[in-house]
Amino acid sequence: MNALHNITKKPEHIDELVREITEVFAHHGGCWSRCAVADMTKLDSAMRESQRLNNGNFITVVRKVVQLDGITTPTGLHLPYGTIQDVPGYGMHHDEEICPNPNDYNPFRSSEIGDGKSEKSSGRRTRHSWVTTSPEYTPFGHGRYACPGRFFASTELKILLAYLIFNYDILPLAPPPQNLWRVASQVAGLKPRFRVRRKKRE
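Residues in the sequence shown are numbered from 237 upward in steps of one, following this note's numbering.
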């Protein structure tokens, strides 16, 4: 829901995404496929940015020390057996030093890094795709135990959002409701209001 609010806030964002969806469909014969969805790099970037801005968990990458004698970090800090540590995901995703203008929604923040038109830029695109985790981007966790279902979930949600904005005119009728915090997690605000009309096709 947050992604829908974020994307529909400015008509030019919708126009750019619809243009991309149209071009990708034409290239892939008008069929939904994993490759077609992967080529929607701007839509991917828009979803990644919305998740960064509205991260569902205040803390991420929660881990427990299971080695009996504990572990010692490269900085010399010793963590005894049973210690639970985590990453301040929300704070990190809103850190000016990591993400310029962190409180602004820039749907194409990630797609601007690489347009995927060359092998070199394709590598950059992969590193900044929605499902790619990093020490600075942890909504899906990071490392060996990052969320294994993120690939299916991202494809499913991108298809859903692409279908909606391609086939319907969606206009927010009110500012998005405030996200609701529940201890260390947040969810989209209740009772969002949109006007939805099916687009006329010639």
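Just so you know, even glycine gets a beta-carbon here, dropped at the ideal spot from N, CA and C. Just so you know, these numbers come straight off a predicted model, no measurement behind them.
Using 8 Å as the threshold, is the segment 386-405 in touch with the segment 266-276, meaning 3 or more CB pairs across them? Using a Cβ-Cβ distance cut-off of 8 Å, the segment 386-405 and the segment 266-276 are in contact, since at least three pairs of beta carbons, one from each stretch, lie closer than that value.
My assumption, with CB atoms under 8 Å, is that TYR399 sits in contact with VAL432. Please give the rounded CB distance. 12 Å between Cβ atoms; not a contact.
For GLY377, which of ASP322, ASP340, TYR341, ILE307 has the nearest alpha-carbon? Of the residues ASP322, ASP340, TYR341, ILE307, the one whose Cα lies closest to the Cα of GLY377 is ASP322.
Is the segment 297-310 close to the segment 259-268, with three or more CB pairs under 8 Å? Touching, no.
Could you round the C-beta distance between SER281 and SER347 to whole angstroms and report it? I think they count as a contact, below 8 Å. Right, their Cβ atoms sit about 4 Å apart.
For the alpha helix (DSSP H) that VAL273 lies in, which residues bound it at each end? DSSP places VAL273 in the uninterrupted alpha helix (DSSP H) bounded by 270-274.
DSSP state of HIS249, grouped into three classes? Correct three-state label for HIS249: helix.
Between the alpha carbons of LYS435 and LYS278, how many angstroms are there, rounded? C-alpha separation (whole angstroms): 21 Å.
If the criterion is Cβ atoms closer than 9 Å, does the pair LEU289 and HIS329 meet it? Taking 9 Å as the Cβ cut-off, LEU289 and HIS329 qualify as a contacting pair.
Between SER421, ARG418, PRO343, which lies nearest to GLU252 when the distance is taken from Cα to Cα? Ranking SER421, ARG418, PRO343 by Cα distance to GLU252 puts PRO343 first.
Starting from the C-beta of VAL297, find all residues in its chain whose C-beta is less than 7 Å away, skip the five residues before and the five after it, and write them out in chain order. Answer for VAL297: ASP322, VAL323, THR374, GLY377, HIS378, listed in chain order.
Can you tell which of GLY292, LYS394, SER370, LYS300 has the C-alpha that lies nearest to the C-alpha of VAL419? Selected option, being the one with the closest Cα: GLY292.
Looking at C-alpha atoms only, which residue of CYS267, PHE402, LEU409 is the closest neighbour of ARG255? Considering only CYS267, PHE402, LEU409, the residue with the shortest C-alpha distance to ARG255 is PHE402.
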